[in-house]
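Participant: Can you keep this structure in mind? I'll have questions shortly.
Residue numbers (the working numbering): 4 to 284.
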């Protein structure tokens, strides 16, 4: 299934994209695409619905973040060796974890707003993983059984906030609008192998990032095993699994950063695409 949330910010309704690409309203069956709705038993009930009998949604409503009420927004840094190299950082021995504030979350086509004082805001297309079943001390072998589905994430990052201000990366990762998620949550049965998905990102029509999850240092399963060895992952938790090379920071000799008026377009095979216009606060 392709599950979505549509409508004005804060008023999103649950929906489904049917086999013909028609947006269907799920409001009569679930309150939101969030929390326990992401458990296997609830997803199985939704999968049994006849999509043709669900109300079709007229027009072209805004898509919100494809997951509501996110608990933890976890991000894995330097998970592609060639991205670590362009960042002038060593390949990590263990998954690098940082947190992104849930207040950064917006819809896949909402504007990205540069915060005041920003001079080095950057783009990062990433595979998002949404937890469906609680995970604690999960083995790599069983890890994917705890996934509800997958989505596109743009881990927008202010590099000066991230690296020049004392403290953690979280400062440069958590600015408002710096977490576009969606357009849809593809349930795990839609993705046979999360380690074989092509990612891409364009800025103003020029290709900046091209990659494939097969080159990740730590697989989705390994990441879940690692994180669940330290704390419980809950339904609705989101993991952004790292970006391939091609970020603005890595452009030599002079990095390229986002400015007002720029347009980012990005996507992942089978997971749809996003489009964000950049504007200043």
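For each residue, glycine too, the CB sits at the ideal point set by N, CA and C.
Are at least three pairs of beta-carbons, each pair with one atom in the segment 175-188 and one in the segment 214-231, less than 8 angstroms apart?
Facilitator: no
Participant: Please confirm whether residue 182 and residue 107 have their CB atoms less than 8 angstroms apart.
Facilitator: yes
Participant: Is the Cβ-Cβ distance between residue 25 and residue 279 less than 8 angstroms?
Facilitator: no
Participant: What runs of the alpha helix (DSSP H), each 4 residues or longer, lie entirely inside the segment 16-78?
Facilitator: The segment 16-78 contains these whole alpha helix (DSSP H) runs: 43-50.
Participant: Near residue 79, what residues of its chain come up, given a Cβ to Cβ distance below 8 angstroms and the 5 sequence neighbours on each side ignored?
Facilitator: 98, 99, 100, 221, 226, 242, 243, 244, 245
Participant: Below 8 angstroms, can you find three or more Cβ-Cβ pairs linking the segment 193-205 to the segment 263-272?
Facilitator: Touching, yes, given that three or more Cβ pairs across the two stretches are closer than 8 angstroms.
Participant: Report all residues from its chain with a CB closer than 7 angstroms to the CB of residue 232; omit the five preceding and five following residues, and keep chain order.
Facilitator: 140
Participant: From the DSSP secondary-structure annotation, give me the bridge partner or partners of residue 219.
Facilitator: 83
Participant: Among the residues of its own chain, which have a CB less than 6 angstroms from the CB of residue 249, if the five just before and after it don't count?
Facilitator: Result list for residue 249: 211, 212, in chain order.
Participant: Out of 93, 119, 88, 81, which one is the CA nearest neighbour of residue 128?
Facilitator: 81
Participant: With which residues is residue 267 paired in a DSSP beta bridge?
Facilitator: 206, 279
Participant: For the beta strand (DSSP E) containing residue 163, name the first residue and the last one.
Facilitator: Taken as a continuous stretch (DSSP letters only), residue 163 belongs to no beta strand (DSSP E), being part of the alpha helix (DSSP H) at 162-166.
Participant: Just how far apart, CA to CA, sit residue 88 and residue 56?
Facilitator: The straight-line gap separating the alpha-carbon atoms of residue 88 and residue 56 is approximately 51 angstroms.
Participant: So, does the segment 60-74 touch the segment 157-171, judging by three or more C-beta pairs under 8 angstroms?
Facilitator: no
Participant: Could you check what DSSP says for residue 170 in three-state terms: helix, strand or coil?
Facilitator: coil
Participant: The beta strand (DSSP E) that contains residue 243, what's its start and end?
Facilitator: 241-243
Participant: On a CA-only basis, which of 206, 12, 121, 22 is nearest residue 168? Give me that one, please.
Facilitator: 121
Participant: Using 8 angstroms for Cβ pairs, my map puts residue 277 next to residue 111. What's the rounded Cβ distance?
Facilitator: 4 angstroms
Participant: Roughly how many angstroms separate the alpha carbons of residue 130 and residue 215, rounded to a whole number?
Facilitator: 10 angstroms
Participant: How many Å lie between residue 254 and residue 263 at the Cα?
Facilitator: 19 angstroms
Participant: Got a sec, what are the start and stop residues for the beta strand (DSSP E) residue 94 sits in?
Facilitator: Segment: none, residue 94 is in no beta strand (DSSP E) and carries neither H nor E.
Participant: So, for residue 259: in the same chain, excluding its five sequence neighbours on each side, which residues have a beta-carbon less than 6 angstroms away from its beta-carbon?
Facilitator: 251
Participant: Could you tell me the boundaries of the beta strand (DSSP E) in which residue 5 lies?
Facilitator: 5-9
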